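First up is the structure itself, then whatever we jot down about it.
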Amino acid sequence: MVAVAGLCLSSFARAQDVRPLARAVDDHYNLLRSLQSDFTEIYRGEGAERVESGTLWLKKPRKMRWEYRSPKEKLFISDGQEVWFYLPAERQLRKTTFRKLDDLRSPLAFLLGKTKLENELRGLSKAADQSPLDPGNILLRGIPQSVVPQSVAGEVSEVQLEITPSDQIVRIVLMEADGATTEFRFAGWKENLKLSDSRFQFTPPPGVETVEGELGP
(Lines of atoms letter the chains of each structure in order from A and count residues from 1; the text may use other names and numbers.)
(Lines give C-alpha, C1' and ligand atoms only; values in the text may rest on other atoms or scores of the structure.)
Protein backbone atom coordinates (compact mmCIF):
# COMPACT_ATOMS: atom_id res chain seq x y z
CA MET A 1 0.00 0.00 0.00
CA VAL A 2 2.87 2.34 0.86
CA ALA A 3 4.55 1.48 -2.45
CA VAL A 4 1.37 2.30 -4.37
CA ALA A 5 1.01 5.62 -2.54
CA GLY A 6 4.64 6.41 -3.29
CA LEU A 7 4.12 5.65 -6.97
CA CYS A 8 1.08 7.94 -7.12
CA LEU A 9 3.01 10.74 -5.45
CA SER A 10 5.89 10.23 -7.86
CA SER A 11 3.55 10.45 -10.88
CA PHE A 12 1.93 13.58 -9.44
CA ALA A 13 5.35 15.14 -8.90
CA ARG A 14 6.37 14.45 -12.51
CA ALA A 15 3.13 16.00 -13.78
CA GLN A 16 3.67 19.06 -11.60
CA ASP A 17 7.27 19.32 -12.80
CA VAL A 18 6.38 19.69 -16.50
CA ARG A 19 3.65 22.31 -16.05
CA PRO A 20 5.97 25.35 -16.11
CA LEU A 21 7.67 23.99 -19.25
CA ALA A 22 4.33 23.23 -20.92
CA ARG A 23 3.10 26.74 -20.13
CA ALA A 24 6.34 28.25 -21.51
CA VAL A 25 5.87 26.31 -24.78
CA ASP A 26 2.22 27.42 -24.90
CA ASP A 27 3.20 31.05 -24.39
CA HIS A 28 5.91 30.84 -27.06
CA TYR A 29 3.63 29.52 -29.80
CA ASN A 30 0.53 31.49 -28.86
CA LEU A 31 2.44 34.70 -29.64
CA LEU A 32 3.42 33.55 -33.13
CA ARG A 33 1.54 34.23 -36.36
CA SER A 34 3.65 32.14 -38.75
CA LEU A 35 6.52 29.65 -38.87
CA GLN A 36 8.95 28.19 -41.38
CA SER A 37 11.30 25.24 -40.93
CA ASP A 38 13.27 22.60 -42.79
CA PHE A 39 11.99 19.16 -41.83
CA THR A 40 13.00 15.52 -42.01
CA GLU A 41 10.29 12.86 -41.73
CA ILE A 42 11.38 9.37 -40.68
CA TYR A 43 9.01 6.40 -40.73
CA ARG A 44 9.99 3.10 -39.09
CA GLY A 45 7.74 0.05 -39.14
CA GLU A 46 7.54 -3.60 -40.21
CA GLY A 47 11.32 -3.74 -40.63
CA ALA A 48 11.37 -0.81 -43.06
CA GLU A 49 12.59 2.78 -42.79
CA ARG A 50 11.60 5.70 -45.02
CA VAL A 51 13.27 9.12 -44.86
CA GLU A 52 11.83 12.21 -46.57
CA SER A 53 12.69 15.89 -46.29
CA GLY A 54 11.56 19.34 -47.37
CA THR A 55 10.29 22.68 -46.06
CA LEU A 56 7.29 23.41 -43.85
CA TRP A 57 5.35 26.68 -43.59
CA LEU A 58 2.65 27.30 -40.95
CA LYS A 59 0.31 30.26 -40.61
CA LYS A 60 -2.59 30.86 -38.25
CA PRO A 61 -5.32 29.84 -38.37
CA ARG A 62 -4.72 26.21 -39.46
CA LYS A 63 -2.74 26.92 -42.65
CA MET A 64 0.02 24.45 -43.54
CA ARG A 65 2.28 23.80 -46.51
CA TRP A 66 4.55 20.71 -46.46
CA GLU A 67 6.78 20.84 -49.54
CA TYR A 68 8.58 17.50 -49.89
CA ARG A 69 11.64 17.53 -52.16
CA SER A 70 13.51 14.30 -51.33
CA PRO A 71 13.45 11.51 -52.33
CA LYS A 72 10.49 12.61 -54.48
CA GLU A 73 8.29 15.67 -54.74
CA LYS A 74 5.02 15.76 -52.79
CA LEU A 75 2.81 18.62 -51.63
CA PHE A 76 0.53 18.73 -48.58
CA ILE A 77 -1.43 21.99 -48.24
CA SER A 78 -4.15 23.31 -45.95
CA ASP A 79 -5.80 26.70 -46.40
CA GLY A 80 -7.52 26.31 -43.03
CA GLN A 81 -10.68 24.87 -44.56
CA GLU A 82 -9.63 22.35 -47.20
CA VAL A 83 -6.60 20.07 -47.42
CA TRP A 84 -4.85 18.83 -50.58
CA PHE A 85 -2.22 16.11 -51.03
CA TYR A 86 -0.58 16.20 -54.47
CA LEU A 87 1.78 13.64 -56.02
CA PRO A 88 3.20 15.22 -59.19
CA ALA A 89 4.78 11.98 -60.46
CA GLU A 90 1.42 10.22 -60.31
CA ARG A 91 -0.55 13.31 -61.37
CA GLN A 92 -3.08 12.56 -58.64
CA LEU A 93 -4.62 14.96 -56.17
CA ARG A 94 -6.39 13.91 -52.97
CA LYS A 95 -8.63 16.34 -51.15
CA THR A 96 -10.50 16.50 -47.83
CA THR A 97 -11.69 19.09 -45.34
CA PHE A 98 -9.57 20.20 -42.39
CA ARG A 99 -12.39 19.13 -40.07
CA LYS A 100 -12.12 15.54 -41.37
CA LEU A 101 -8.32 15.48 -41.46
CA ASP A 102 -6.87 12.28 -39.99
CA ASP A 103 -3.20 12.40 -40.93
CA LEU A 104 0.15 12.03 -39.16
CA ARG A 105 1.04 15.60 -40.07
CA SER A 106 -2.02 16.93 -38.23
CA PRO A 107 -0.46 17.08 -34.70
CA LEU A 108 1.34 20.19 -35.95
CA ALA A 109 -2.09 21.81 -36.13
CA PHE A 110 -2.01 22.51 -32.38
CA LEU A 111 0.71 25.08 -33.13
CA LEU A 112 -1.76 26.93 -35.35
CA GLY A 113 -4.46 27.60 -32.78
CA LYS A 114 -4.68 28.43 -29.09
CA THR A 115 -1.97 26.08 -27.89
CA LYS A 116 -2.25 24.26 -24.58
CA LEU A 117 -0.13 21.13 -24.40
CA GLU A 118 -1.86 19.79 -21.30
CA ASN A 119 -5.16 19.85 -23.22
CA GLU A 120 -3.66 18.16 -26.28
CA LEU A 121 -1.76 15.40 -24.44
CA ARG A 122 -3.05 13.43 -21.44
CA GLY A 123 -0.57 12.36 -18.78
CA LEU A 124 2.04 14.84 -19.98
CA SER A 125 5.39 13.99 -18.37
CA LYS A 126 9.13 13.89 -18.97
CA ALA A 127 10.35 10.85 -20.89
CA ALA A 128 12.91 9.86 -18.28
CA ASP A 129 13.68 6.49 -19.92
CA GLN A 130 14.72 8.07 -23.24
CA SER A 131 17.21 10.75 -24.23
CA PRO A 132 16.61 13.76 -26.47
CA LEU A 133 18.75 14.09 -29.61
CA ASP A 134 20.38 17.16 -28.07
CA PRO A 135 21.37 16.64 -24.41
CA GLY A 136 20.45 20.27 -23.69
CA ASN A 137 16.82 19.65 -24.63
CA ILE A 138 13.93 18.06 -22.71
CA LEU A 139 11.80 15.20 -24.02
CA LEU A 140 8.11 15.17 -23.08
CA ARG A 141 5.54 12.44 -23.72
CA GLY A 142 1.77 12.21 -23.56
CA ILE A 143 -1.28 10.49 -25.00
CA PRO A 144 -3.35 12.35 -27.63
CA GLN A 145 -6.74 13.30 -26.26
CA SER A 146 -8.45 11.66 -29.24
CA VAL A 147 -6.96 8.25 -28.49
CA VAL A 148 -9.15 5.76 -26.61
CA PRO A 149 -7.52 3.56 -23.95
CA GLN A 150 -7.59 0.46 -26.19
CA SER A 151 -5.91 1.77 -29.34
CA VAL A 152 -5.82 -0.26 -32.54
CA ALA A 153 -2.96 -0.60 -35.01
CA GLY A 154 -2.52 2.55 -37.09
CA GLU A 155 -3.65 4.91 -34.34
CA VAL A 156 -1.21 7.20 -32.57
CA SER A 157 -0.92 5.89 -29.01
CA GLU A 158 1.78 8.28 -27.76
CA VAL A 159 3.35 11.58 -28.80
CA GLN A 160 6.84 12.68 -27.80
CA LEU A 161 8.01 16.30 -28.06
CA GLU A 162 11.62 17.44 -27.87
CA ILE A 163 11.80 20.98 -26.44
CA THR A 164 14.78 23.36 -26.59
CA PRO A 165 15.82 25.76 -23.78
CA SER A 166 14.15 28.52 -25.86
CA ASP A 167 10.82 26.61 -25.69
CA GLN A 168 10.83 25.57 -29.35
CA ILE A 169 9.63 22.15 -30.52
CA VAL A 170 12.41 20.63 -32.65
CA ARG A 171 11.21 17.02 -32.83
CA ILE A 172 7.87 15.22 -32.72
CA VAL A 173 7.65 11.42 -32.51
CA LEU A 174 4.29 9.74 -33.16
CA MET A 175 4.15 6.18 -31.81
CA GLU A 176 1.45 3.88 -33.16
CA ALA A 177 -0.18 1.01 -31.31
CA ASP A 178 1.42 -1.55 -33.65
CA GLY A 179 4.94 -0.30 -32.86
CA ALA A 180 5.46 1.83 -35.96
CA THR A 181 6.82 5.36 -35.46
CA THR A 182 6.79 8.53 -37.52
CA GLU A 183 9.33 11.14 -36.48
CA PHE A 184 9.49 14.77 -37.59
CA ARG A 185 12.75 16.68 -37.03
CA PHE A 186 12.79 20.44 -37.52
CA ALA A 187 15.76 22.74 -38.12
CA GLY A 188 16.20 26.45 -38.70
CA TRP A 189 12.84 27.64 -37.37
CA LYS A 190 11.97 31.13 -38.63
CA GLU A 191 9.18 32.87 -36.75
CA ASN A 192 6.62 35.55 -37.67
CA LEU A 193 7.52 35.75 -41.35
CA LYS A 194 5.22 37.63 -43.70
CA LEU A 195 3.55 34.77 -45.55
CA SER A 196 0.95 35.39 -48.23
CA ASP A 197 -2.26 33.35 -48.06
CA SER A 198 -1.58 32.35 -51.68
CA ARG A 199 1.20 30.05 -50.40
CA PHE A 200 -1.52 27.93 -48.78
CA GLN A 201 -3.83 27.74 -51.79
CA PHE A 202 -3.75 25.09 -54.50
CA THR A 203 -5.07 25.02 -58.05
CA PRO A 204 -4.98 21.56 -59.64
CA PRO A 205 -2.95 21.38 -62.86
CA PRO A 206 -4.97 20.57 -65.99
CA GLY A 207 -5.78 16.90 -66.41
CA VAL A 208 -5.00 15.92 -62.81
CA GLU A 209 -7.43 13.46 -61.24
CA THR A 210 -8.96 14.64 -57.95
CA VAL A 211 -10.03 12.07 -55.36
CA GLU A 212 -12.02 13.26 -52.34
CA GLY A 213 -11.90 11.45 -49.01
CA GLU A 214 -8.95 10.04 -47.06
CA LEU A 215 -5.56 11.44 -48.03
CA GLY A 216 -3.60 8.21 -47.75
CA PRO A 217 0.16 8.03 -46.90
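So for the sequence shown, our numbering puts the first residue at 305; every next one is plus one.
Positions of the beta carbon are idealized from the N, C-alpha and C atoms, including for glycine.
All of these numbers come straight from a predicted model, not from anything done at the bench.
Pull up the distance between the alpha-carbon of residue i and that of residue j, whole angstroms please.
| i | j | result |
| --- | --- | --- |
| E276 | A431 | Any answer about residue 276 is impossible in this case: the structure gives the chain only from 305 up to 521. |
| L421 | L444 | 10 Å |
| W370 | P324 | 31 Å |
| P392 | P510 | 12 Å |
| L465 | S338 | 20 Å |
| F402 | L336 | 21 Å |
| Y390 | E353 | 22 Å |
Grouping DSSP H, G and I as helix and E and B as strand, with all else coil, what is residue i?
| i | result |
| --- | --- |
| K364 | coil |
| A431 | coil |
| D383 | strand |
| D321 | helix |
| D342 | strand |
| A326 | helix |
| L421 | helix |
| R337 | coil |
| F506 | coil |
Less than 8 Å between the C-beta atoms of residue i and residue j, yes or no?
| i | j | result |
| --- | --- | --- |
| L425 | V322 | no |
| Y372 | T486 | no |
| E516 | R395 | no |
| F490 | I381 | no |
| D383 | K367 | yes |
| V463 | I476 | yes |
| G483 | G351 | no |
Could you tell me which residues DSSP puts in a beta bridge with residue i?
| i | result |
| --- | --- |
| W536 | Outside the displayed range of the chain (305 to 521) lies residue 536, so it cannot be described from this structure. |
| G358 | F343 and Y372 |
| Y390 | L379 and L397 |
| D448 | Before going on, a small fix: residue 448 reads as Pro here, not Asp. Partner(s): L425. |
| E513 | Q396 |
Three or more beta-carbon pairs under 8 Å between the segment 324-333 and the segment 341-359, yes or no? The segment 324-333 makes no contact with the segment 341-359; the number of CB pairs closer than 8 Å stays below 3.
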